[in-house]
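Chemist: Start counting the sequence shown at 1; every next residue gets the next number (the working numbering).
Virtual Cβ for every residue (Gly too), placed ideally from N, Cα, C.
The structure is given below, and queries will be raised subsequently.
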Amino acid sequence: MTLQIRNPRAHELARELSELRGVSMSDAVVQALEQVVKQERARIPLRERVKPIIDRLHEGAQPGGRAMTKEEIDAMWGHEG
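Below is the structure:
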């Protein structure tokens, strides 16, 4: 089975990667595709990545929050006491 690269930009990138890695163009394309497939499979949606953080924040949160001192407000805005 053959893979023909007709897109000039794709061909140039395959050639450049092949030269950088010292492999054939076919091997360069296979390596690049394997890397992207691996990244895609490992990618975790943002919602799932931040859920543990949100859960921890909710566990420590108090209903209605808490009152802040003037010093905390000044520090938050970068003002020195």
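(1) Please report the distance separating the alpha-carbon of residue 57 from that of residue 30.
(2) Under 8 Å: do the stretch 25 to 41 and the stretch 7 to 17 share three or more Cβ pairs, one atom per stretch?
(3) Return the residue from the list 25, 37, 40 that minimises the CA-CA distance to residue 5.
(4) Grouping DSSP H, G and I as helix and E and B as strand, with all else coil, what is residue 24?
(5) Along the chain, where does the alpha helix (DSSP H) containing residue 58 start, and where does it finish?
Modeler: So, from the listed chains and residues:
(1) Position 57 of the sequence shown, counted from the first residue, corresponds to residue 57. Position 30 of the sequence shown, counted from the first residue, corresponds to residue 30. Roughly 43 Å separates the two Cα atoms.
(2) yes
(3) Taking the sequence shown and counting its residues from 1, the one referred to as residue 5 is at position 5. The shortest Cα separation from residue 5 among 25, 37, 40 belongs to 25.
(4) As a working note, residue 24 is residue 24 in the sequence shown. Coil, per DSSP.
(5) By one-based count along the sequence shown, residue 58 stands at place 58. Its alpha helix (DSSP H) spans residues 46 to 60.
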